[in-house]
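Below is one structure, written out as structure tokens; comments come after it.
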Amino acid sequence: MSGHSKWASIKHKKAIVDQRRGQHFTKLARAVTVAAREGGGDPVGNASLALAIQKARDASMPKDNIERAIQKGTGEGADAEAFERVVYEGYAPGGVAMLIEALTDNRNRTAADVRHIVGKHGGNLGEPGSVAYQFEKQGVITVDAGSYDEDDLMVAIDAGALDIVADDDIFEIVTEPTELTAVRDALLGAGIEVGTVELTQRPKTRVQVSEEDAVKLMKLIDALDDNDDVSEVHANFDVDADVLERLAG
Numbered sequence: 034m035s036g037h038s039k040w041a042s043i044k045h046k047k048a049i050v051d052q053r054r055g056q057h058f059t060k061l062a063r064a065v066t067v068a069a070r071e072g073g074g075d076p077v078g079n080a081s082l083a084l085a086i087q088k089a090r091d092a093s094m095p096k097d098n099i100e101r102a103i104q105k106g107t108g109e110g111a112d113a114e115a116f117e118r119v120v121y122e123g124y125a126p127g128g129v130a131m132l133i134e135a136l137t138d139n140r141n142r143t144a145a146d147v148r149h150i151v152g153k154h155g156g157n158l159g160e161p162g163s164v165a166y167q168f169e170k171q172g173v174i175t176v177d178a179g180s181y182d183e184d185d186l187m188v189a190i191d192a193g194a195l196d197i198v199a200d201d202d203i204f205e206i207v208t209e210p211t212e213l214t215a216v217r218d219a220l221l222g223a224g225i226e227v228g229t230v231e232l233t234q235r236p237k238t239r240v241q242v243s244e245e246d247a248v249k250l251m252k253l254i255d256a257l258d259d260n261d262d263v264s265e266v267h268a269n270f271d272v273d274a275d276v277l278e279r280l281a282g
């Protein structure tokens, strides 16, 4: 077990709310399309596509929509779209490092939009490589800490998980990217209900921020999330538990 991650808890809550609203159908479809374009249309041999499809299913996206998104990625049909993955790096209020992932069919539009949003909320974009070294690509599975304890999750370690991070509300199970699906399947096979399952950029260290900066950060992240092209926002900040309660409320 290792340290607390309040930001992970906030992300977990936001994901639940977004899923209930069905807010991200467009983004989920784009993720399927790009994964299919990058690694082919067969999820058996394309782990990124399998994960994107699972996320779409978890959000109750119709099967036909998922299949159309795959076809767009593989170039089938007249409506194939040239989406690509772009990553922006920068700093938010409080000296927090951010990686902003986008799936776009127009780099110039997306770059201008992201730069405007970040600047408007007190941050700034940097050069490629300026903050990426502070993050590491890993698989992360969340599990409700109110329903299970540490011993219940040892099946994840047996299946190849690297770590289990304890929080007040959730357990964050960390894996190598290639082991994410196997660990998820092991948890489900043991009857454990999982929350979010994702490949993410986990920060190697975290910056503790004040409540004032945390509020600014959440407004910035919400604004980025509202942009159709932005798919993921990664940040290396952490907040105190009492501040988290107020933010979550």
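Numbering follows the working numbering, in which position 225 of the sequence shown is assigned residue number 258; successive positions increment by one, without gaps.
Just so it is clear, CB atoms sit at the ideal spot from N, CA and C, and this is done for glycine as well.
Item	Value
Assuming N269 and V129 form a contact by the criterion Cβ under 8 Å, report the distance between their Cβ atoms to the nearest whole angstrom.	6 Å
What does DSSP give as the partner residues of K170 in its beta bridges?	Q234
Measuring CA to CA, which of L257, R118, A178, D273 is closest to R148?	L257
Taking only three categories from DSSP, how would you classify T211?	helix
Measure the alpha-carbon distance for T143 versus L186 and round it to whole angstroms.	40 Å
Within the same chain, show all residues whose beta-carbon is closer than 6 Å to that of E265, passing over the 5 residues directly before and after it, in chain order.	E134
Could I get the ranges of all uninterrupted alpha helix (DSSP H) runs contained in the segment 109-161, with 4 residues as the minimum, in chain order?	140-153
Reducing DSSP to helix, strand and coil, say where E205 ends up.	strand
Where does S81 sit, in a helix, a strand or coil, going by DSSP?	helix
To the nearest angstrom, how far is it from the Cα of A111 to the Cα of A64?	Reliability fails at A111, whose pLDDT of 48 lies under 50, so the model's placement of it is uncertain and no value is given.
Taking just the CA atoms, how far does A247 sit from D262?	24 Å
Answer with buried or exposed for G152, where buried requires no fewer than 16 other C-beta atoms within 10 angstroms of its C-beta.	exposed
Quick check on this structure: which residue in S93, D97, H57, Q104 has the alpha carbon closest to the alpha carbon of G73?	Q104
Taking the C-alpha atoms as reference points, what is the distance between T59 and V198?	31 Å
Just curious, the beta strand (DSSP E) that D283 is in, first and last residue?	As displayed, the chain neither begins before 34 nor continues past 282, which places residue 283 out of reach and without an answer.
So the beta strand (DSSP E) V263 belongs to, where does it begin and stop?	263-268
Starting from the C-beta of S163, find all residues in its chain whose C-beta is less than 6 Å away, skip the five residues before and the five after it, and write them out in chain order.	E122
I'd like the list of long-range same chain contacts for Q171, defined as Cβ closer than 6 Å, with 5 residues on each side in sequence excluded.	V207, R235
The alpha helix (DSSP H) that contains L61, what's its start and end?	58-72
Suppose you measure from the CA of D91 to the CA of A62; what does that come to, to the nearest Å?	13 Å
Would you identify the three-state DSSP class for V242, choosing helix, strand or coil?	coil
Leaving aside the five residues before and after Q69 along the sequence, list all residues of the same chain whose C-beta is less than 6 Å from its C-beta, in chain order.	A small correction: the amino acid at residue 69 is Ala; Gln does not occupy that position in the sequence shown. Within the same chain, A69 has close Cβ partners L82, I103, G106, T107.
Grab the span of the alpha helix (DSSP H) containing I99 for me, first residue to last.	96-107
Is E231 closer than 8 Å to Y173 when the C-beta atoms are compared?	For the record, residue 173 in the displayed sequence is Val; it is not Tyr. Taking 8 Å as the Cβ cut-off, V173 and E231 qualify as a contacting pair.
Please name the residue, chosen from D182, F116, A125, that lies closest to I203 on a Cα-to-Cα basis.	D182
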